[in-house]
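Enquirer: First the structure, which I've put down as structure tokens, then a few questions once you've had a look.
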Amino acid sequence: MQSTEKPKQKTYRQGSGLYFSAGLLLSMVLIITAFEWKSAYQIIDTPIVLIEEPLSEDDFKPVVLPAVPSPPRQSPNIEEVPEITPTMEEPPIEPLLPDDEEPEVNPLEGLFTEGNPFGVETPPTAEVINREAAPVDGYKDFYDYLHKNLRVPEHLLDQRGETRIVISFVVDTDGRITDISLAEGSDKELERQVKRLLEKGPAWAPAWQHDRKVRVRKALPIVIKTNR
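40 is the number that full-length UniProt numbering gives to position 40 of the sequence shown; each next residue is one higher, with no gaps.
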């Protein structure tokens, strides 16, 4: 006949208190041993001399640091205005005929010929022009006017040296300046600035030829110096 009692199951909690106490005791022994462990060392009987000689008064002198020089003051960058140097050379003069004077031309002659095609004899300039065309206030005031009002293009300000141009124009019988063009040089922006100043600038005295006002062509040299 079989027994009705259930077999006892194994439990892992049996003896756990004993294992905990043994582990705790072993841990405490290791910790105390680590803190109380002493290593062997050699005792030095000879005293260590820190200062062999007493310090003198010179050793206690205060240390004087040199004064730090202040940085130099930087002056603001001043852009130099380009200088327009007037050339006092006599500009070449090309005399023109008066408005009311028409040359006589033979339609069958003077075509495709060398020399003087229209057959009009023109005396030398020095004998024909009795008085040259010039600014009413003189060339010095005229160049001062250009120097104060000329707006030099930026690309010329970045260049060092001189820029020379020659402006050609016609002084009419009433002193007006017409037919302005660039005779020498290739800077179109500078040509436009000079043309604007000539059109709005001071009046010119017309040239005289045989006691009559005549139209003449002038060539005006302008030199611009930049020192940036």
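Where is the CB? At the ideal position from N, CA and C, for every residue including glycine.
Computed from a predicted structure; not experimentally measured.
For Pro206, count neighbouring Cβ atoms within 10 angstroms of its own Cβ and tell me buried if that reaches 16, exposed if not.
Expert: buried
Enquirer: Among Val29, Met28, Arg217, which one has its Cα closest to the Cα of Ile167?
Expert: Arg217
Enquirer: Once you ignore the five residues that flank Leu182 on each side, which residues in its own chain have a CB closer than 6 Å to its CB?
Expert: Glu191
Enquirer: Specify the secondary structure class of Asp158 as computed by DSSP and reduced to three states.
Expert: coil
Enquirer: Just to confirm the assignment: which complete alpha helix (DSSP H) runs, minimum length 4, are found wholly within the UniProt domain "TonB C-terminal" (137–228)?
Expert: 139–149, 154–157, 188–200
Enquirer: Which residue from Ala203, Lys140, Gly185 puts its Cα closest to that of Thr163?
Expert: Gly185
Enquirer: Starting from Glu36, follow the alpha helix (DSSP H) in both directions and report where the run begins and ends.
Expert: 16–36
Enquirer: Work out the CA separation of Asp137 and Ile224 for me, nearest whole Å.
Expert: 22 Å
Enquirer: Please report the distance separating the alpha-carbon of Tyr19 from that of Ser27.
Expert: Straight-line measurement puts the Cα of Ser27 at about 12 Å from the Cα of Tyr19.
Enquirer: Please classify Phe142 as buried or exposed, where buried requires at least 16 other C-beta atoms within 10 Å of its C-beta.
Expert: Taking all protein chains in view, the Cβ of Phe142 is crowded by 16 or more other Cβ atoms within 10 Å, so the residue is classified as buried.
Enquirer: Given this structure, state the Cα-to-Cα distance separating Leu197 from Asn149, to the nearest angstrom.
Expert: 8 Å
Enquirer: Skipping 5 residues on each side, what residues in its chain have a beta carbon closer than 6 Å to that of Phe35?
Expert: none
Enquirer: Among the residues of its own chain, which have a CB less than 6 Å from the CB of Ala203, if the five just before and after it don't count?
Expert: The residues Val136, Gly175, in chain order, have a CB closer than 6 Å to that of Ala203 in the same chain once the five nearest residues on each side in sequence are set aside.
Enquirer: Which of the three DSSP states, helix, strand or coil, is assigned to Pro69?
Expert: coil
Enquirer: For Ala134, which three-state DSSP category applies?
Expert: strand
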